[in-house]
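Beneath this line is the structure, given in structure tokens, with notes to follow.
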Amino acid sequence: MLTHNYGQRWSDETDVELRKRIDARQTVGQIARDMGRTQDAIRGRAATLCLSLPSTMRPWREGVKRGPRMQRPAPRTTGKD
């Protein structure tokens with residue numbers, strides 16, 4: 001499927017728009033539809049700009065605070081060495 005921006009170079013303005021949409025936690029699919037790009041184009045440009053995309057596997061939730069990680073207990077020794 002070709003989009004209306006197929007083959008077009010990314011401009012400073014489209015980079016700013018992409019950053020704003022990623023900061024707003026929009027999905028890659030929504031960004032691609034709104035910007036007239038493919039999802040692969042969005043992922044590729046985000047990688048080029050070192051931007052982190054929202055995960056589809058672990059949805060972001062506002063206000064969730066993470067506590068300290070639990071330490072694993074030390075391995076038990078049998079004392080038979």
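According to the UniProt record's numbering, the residues represented by the sequence shown are 1 to 81, in order.
Think of the CB as a built atom: it goes at the ideal place given N, C-alpha and C, for glycine as much as any other residue.
Residue i, buried or exposed, once every other Cβ within 10 Å from all chains shown has been counted against 16
| i | result |
| --- | --- |
| Leu18 | buried |
| Arg21 | buried |
| Ala47 | exposed |
| Ala74 | exposed |
Test item: CB-CB of residue i and residue j under 8 Å
| i | j | result |
| --- | --- | --- |
| Pro54 | Arg25 | yes |
| Gly29 | Asn5 | no |
| Leu49 | Asp15 | yes |
For residue j and residue i, believed in contact at Cβ under 8 Å, the rounded distance
| i | j | result |
| --- | --- | --- |
| Arg45 | Trp10 | 6 Å |
(request) Taking only runs that begin and end inside the stretch 20-49, name each unbroken alpha helix (DSSP H) of 4 or more residues, in chain order. (result) 28-35, 39-48
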